[in-house]
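Residue numbers for the sequence shown follow the numbering used here, so the first one is 1 and each next one is one higher.
Glycine residues also receive a C-beta, built at the ideal position from the N, C-alpha and C atoms.
Just so we're clear, the structure is a prediction, and the values are computed from it rather than from any experiment.
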Amino acid sequence: MADYDIAIAGAGAVGMSCALWAQMRGHRVLLLDPEPPGSGTSYGNACTLATYACLPVNDPSVLRSLPSLMFSKDSPLSLSYAHALKNPRWMLSFLANCRSVPSQRIATHLADLLAHADAGINPLIEAAGAQDLVVERGQLSVWSTRGAAGAATAGLERRRALGVPWREVDPDEAYEMEPGLRLPVERAVHFHAARSLRDPLEFITRMHKAFADLGGTTLAAPVEAVRASETGVELQAGGQSLTAGRAVIASGAFSKRIEGAGTERLPLGTERGYHLMFDGEAQRVTRPVGWGEAGFYAVPHAKGLRLTGTVEIAALDAPVNRSRLDHIARKGAEMLGPLPEPASDWLGFRPTLPDSLPVIGPSPQSDRVLYAFGHQHIGLTLGGITGRLITDLAEGRQPNIDLAPFAADRSYA
């Protein structure tokens with residue numbers, strides 16, 4: 001008999017959700033991560049349950065605007081040329097998916113999954129006793145120039161066609177909703193069905209407590225290797241050898257580093273994201289506010305104002321790019337007026353496949369190994385439904401969502 005029914009590598013939003021769902025279903029679950037739950041990339045997100053976020057980074061506008069995105073100091077995109085030259089296949093696949101037809105296909109698949117996001121996370125919110133962390137004020141997106149406001153129309157209409165509700169807000173109402181805004185508002189849209197969390201780390205911490213209270217086991221060690229057989233999986237972690245009926249790889253951008261998992265064959269890349277925290281400044285906004293041209297969010301956090309976002313395509317081990325933090329600080333002051341010195345800054349690693357779709361399902365080598373990574377910007381939003389689907393698969397159930405678009409052996413170009 002195996003030591004555990006299910007062993008989960010990774011305790012971020014996705015891995016923790018998988019662990020709690022499986023434990024709630026009565027399985028013997030082992031959660032493995034060298035760091036405390038939620039303290040990695042999940043710690044620094046935009047606090048938003050972004051059920052509207054079906055448009056991928058792979059958008060035709062990227063191809064049209066590539067020179068300015070790459071060379072402007074005000075660009076929300078930064079690209080390491082050395083990293084691009086070392087990973088030409090990933091970059092070419094990413095750009096190929098920016099064409100209109102693939103981009104629309106990706107948006108459809110993301111919208112289908114996001115439509116189930118609340119059903120996946122709501123039971124976890126209840127199990128964690130985290131209802132007090134949930135804020136139901138929606139998300140406000142603003143554009144400050146006429147050109148960008150007009151360019152947003154196609155994406156907004158695509159969202160509406162895919163079932164995402166939103167309403168147009170005139171500039172005067174936008175300023176009433178968010179009196180702290182100092183930038184000119186040419187256009188504003190309210191995604192009124194979206195929710196946010198006062199503190200995502202606190203949410204994951206409470207999930208972990210619920211997991212432990214239900215009998216779940218946590219080992220503070222990295223999973224170094226897995227070996228699947230017909231009857232189970234052997235895991236090497238922190239100098240120990242453990243066995244489980246199934247193993248779940250939910251280590252985000254680090255999932256490729258687990259020997260024997262088959263993940264090294266997948267084109268898993270990284271969109272590095274940054275944030276700045278300003279203690280005592282949370283009142284600057286009352287809900288997540290995204291500024292389209294600047295590519296970042298201003299978010300009210302339990303501990304202050306968080307400015308977070310932008311995209312940097314670079315290696316996992318590349319040093320912190322201070323220009324990204326400078327961009328956020330500069331644009332934050334344009335958006336909200338003068339700000340004090342930030343209390344802290346942060347760099348995180350969004351796990352991203354070149355088609356911006358996650359991998360959810362069995363390894364092509366063995367159905368004893370399940371994949372749950374690659375959620376790019378929306379791991380917090382999709383963690384709950386991913387956890388439910390992974391638990392279904394571990395139990396041999398047929399999920400009520402078509403997982404073919406998220407299969408590991410799909411075409412990524």
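Taking the C-beta atoms as reference points, Arg350 is found nearer than 7 Å to Gln376.
If you draw a 10 Å sphere on the C-beta of Ala128, you find 16 or more other C-beta atoms in it, and that means buried.
For Ala194, same chain residues with a beta-carbon under 7 Å away, outside a window of 5 residues either side, are Thr48, Leu49, Ala50, Thr51, Tyr52, Gly138, Gln139 in chain order. Rounded to the nearest whole angstrom, the C-alpha separation of Ala315 and Ser366 is 29 Å.
Between Ile204 and the set Gly163, Leu242, Val134, the nearest pair of CA atoms involves Val134.
Proximity to Ala407 across Leu380, Asp355, Gly163, Leu183 peaks at Asp355, based on C-alpha coordinates. Around the beta-carbon of Asp33, 16 or more other beta-carbon atoms lie within 10 Å, marking it buried.
Taking every protein chain shown into account, the CB of Lys73 has fewer than 16 other CB atoms within 10 angstroms, so this residue is exposed. Look at Leu403 here: in three-state DSSP terms it is coil, with no helix or strand label. A residue is called buried once 16 or more other Cβ atoms fall within 10 Å of its Cβ, and Lys86, having fewer, is exposed. Counting only runs that start and end inside the stretch 26 to 93, the beta strand (DSSP E) elements of at least 3 residues fall at 29 to 32, 77 to 79. By the CB criterion at 7 Å, Gly387 and Trp21 fall inside the cutoff.
Scanning its chain for C-beta atoms nearer than 6 Å, with the 5 sequence neighbours on each side dropped, one finds around Ala148 the residues Gly292, Glu293, in chain order. Separation of the CB atoms of Asp326 and Gly304 is rounded to 19 Å, and the pair is thereby denied contact status at 8 Å. About 17 Å separates the CB atoms of Leu55 and Leu95; that is not less than 8 Å, and the two are not in contact. Contact check for Leu393 and Leu370: beta-carbon distance about 6 Å, within the 8 Å limit, so the pair qualifies.
The Cβ-Cβ distance between Ala228 and Arg330 does not fall below 7 Å. Counting the other CB atoms within 10 Å of its CB gives Ser75 a total of 16 or more, which places it among the buried residues. The continuous alpha helix (DSSP H) containing Tyr175 extends over residues 171 to 177.
For Ala294, the three-state secondary structure derived from DSSP is coil. Annotation for Arg324: Ser78, Tyr274, Thr310, Glu312 place their beta carbon closer than 7 Å to its own, counting only its chain and skipping 5 residues before and after. In the three-state DSSP reduction, Pro354 falls in the coil class, being neither helix nor strand. Relative to Ala161, the option among Ala107, Met1, Val359, Ser42 whose CA is nearest is Ala107.
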